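Colleague:
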Amino acid sequence: MNQNKTKKSFLSRFFERYRFVVMTENTFEKKLSLKTSIINVLFFVVIVFVLSFLIFKFKINKVEKGLEIEKRQEVLNLVMKCDTLLYKVQSTQIYIDNIKRIFKEGGVELLNDSSFFKLDSSVNLGDQGFFKPSVEDSLLRVHVEEQEVGSLYNNEAVESKIPVFFNPLQGVVSDVYNEDIGHFGIDIVAKEGAKIKSIAEGVVVFGSWTSETGYVLVVQHANNFISFYKHNSLLLKKPGDYVRAGDEIAIIGSSGEYTTGTHLHFELWNSGKPCNPINYIMF
């Protein structure tokens with residue numbers, strides 16, 4: 012009986028109301044008075060704890076979700092950049108291989124590995140300007156158009172099988188062709204900013220920077236002729252571009268380690284062998 016009474020007395024303390032008073036220390040002036048019970052205080056503490064836990068959990072989930080989205084976007088951007096760089100590297104390798112074959116095999120065997128162009132679908136290559144007319148299509152166009160009226164070869168040249176080429180640059184010839192010393196072209200000096208022109212219709216198969224000869228442009232023409240334009244300050248055409256005789260393709264410069272000043276170093280090759288440009292062009 013006494014045990015039940017003690018238990019009831021203990022529980023009643025939780026519901027017993029108390030007055031919480033705040034007073035000044037010196038004057039005992041009442042500043043705040045609040046009636047409450049222990050059960051109310053416990054209930055308030057539980058509510059505050061639950062709300063704090065829910066808010067903390069919500070913020071943690073929001074931060075984790077944001078980080079996950081950010082990481083996914085970074086991964087996607089990296090994949091796109093890797094695919095784009097891979098495409099550029101492989102495309103450049105194709106053109107370099109073509110140039111090497113010019114000297115090794117006496118002609119150009121265009122490579123066409125379709126696996127090079129199987130990139131991730133997330134990469135929008137159309138916006139990057141990659142899908143230009145292929146070198147194969149452009150060379151075919153050169154071959155077909157040369158069969159029509161208005162090609163670059165007049166009747167006399169056709170009969171003698173000696174092609175007629177356009178002068179790439181109006182200027183002064185400062186150094187001539189000399190195979191004995193390895194100078195497989197001629198140097199033409201002209202005013203700064205002069206524009207260099209294609210000697211005949213064809214397709215640009217290489218256009219890039221080299222440490223020795225600076226900005227170099229190479230054009231594949233009909234009948235296994237290849238023209239080289241070196242030491243340029245700026246290239247106006249890109250690999251794969253179709254050009255006609257007289258089209259502006261570069262601007263004269265003095266780029267590269269082997270330059271001796273502002274000039275054009277021009278070379279003409281046929282079937283993998285260097286030719287003296289003076290035998291084909293009136294400078």
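Those letters in the sequence shown? Residues 12 to 294, per my numbering, in order.
Here a beta-carbon is modelled for each residue, glycine too, at the ideal position from N, C-alpha and C.
Computed from a predicted model, the values in this text were never measured in an experiment.
#1: Start and end of the beta strand (DSSP E) containing Ala261?
#2: Can you give me the start and stop residues for the beta strand (DSSP E) that His276 sits inside?
#3: Can you give the Cα-Cα distance for Pro285 and Phe277, rounded to whole angstroms?
#4: Taking just the CA atoms, how far does Glu85 sit from Glu157?
#5: Whole angstroms is fine: what's the gap from Val187's alpha carbon to Thr95's?
#6: If you draw a straight line from the alpha carbon of Lys208 to that of Val229, how long is it in whole angstroms?
#7: Can you tell me whether DSSP reads Tyr29 as helix, strand or coil?
#8: Return the chain-ordered list of same chain residues with a C-beta closer than 7 Å to the C-beta of Ile210, the five sequence neighbours on each side being excluded.
#9: Determine the DSSP secondary structure at Thr103, reduced to helix, strand or coil.
#10: Could you say which of Leu65, Gln231 and Asn281 lies nearest to Pro250 if we only look at CA atoms?
#11: DSSP three-state call for Tyr188: helix, strand or coil?
#12: At what residues does the beta strand (DSSP E) containing Lys208 begin and finish?
#13: Between Asn72, Arg30 and Thr271, which lies nearest to Glu223 when the distance is taken from Cα to Cα?
#14: Tell me the rounded alpha-carbon separation between Asn281 and Ala233.
#15: Anyone know if the C-beta pair for Ile262 and Lys202 falls short of 9 Å?
#16: Suppose you measure from the CA of Phe31 to the CA of Leu53; what does that come to, to the nearest Å?
#17: Where DSSP assigns a beta bridge to Tyr226, which residues make up the other side?
#18: Is the separation between the beta-carbon of Gly225 and that of Ser244 shorter than 9 Å?
#19: Since Gln231 sits in a beta bridge, which residues does DSSP pair it with?
#20: Cα-Cα, which of Ile49, Phe217 and Val33 is closest to Tyr240?
#21: If we count the other Cβ atoms within 10 Å of its Cβ and call it buried at 16 or more, is Phe26 buried or exposed?
#22: Which of the three DSSP states, helix, strand or coil, is assigned to Leu43?
#23: Kindly indicate the opening and closing residues of the beta strand (DSSP E) around Ile197.
#24: Determine the extent of the beta strand (DSSP E) in which Lys284 is found, giving its start and end residues.
#25: Given a cut-off of 9 Å, decide if Val200 and Thr273 are closer than it, judged by their beta-carbon atoms.
#26: Specify the secondary structure class of Val175 as computed by DSSP and reduced to three states.
#27: Taking DSSP as the reference, what is the three-state secondary structure of Ser48?
#28: Could you pull out every residue in the same chain whose Cβ sits closer than 6 Å to the Cβ of Ile197, ignoring the five residues on either side in sequence?
Modeller: The short version:
#1: Glu259 to Ile262
#2: Leu275 to Asn281
#3: 11 Å
#4: Interpretation of Glu157 is limited by its pLDDT of 49, a score under 50 that renders its predicted location unreliable; the figure taken from the coordinates is listed afterwards. Each residue's Cα considered, the two are about 51 Å apart.
#5: 42 Å
#6: 12 Å
#7: strand
#8: Phe176, Phe177, Pro179, Ser238, Ala256 and Ile292
#9: helix
#10: Gln231
#11: coil
#12: Lys206 to Lys208
#13: Thr271
#14: 10 Å
#15: no
#16: 15 Å
#17: Trp220 and Asn243
#18: yes
#19: Val214 and Ile237
#20: Phe217
#21: exposed
#22: strand
#23: Gly196 to Val200
#24: Lys284 to Cys286
#25: yes
#26: coil
#27: strand
#28: Val184, Val187, Tyr188, Phe277 and Pro288
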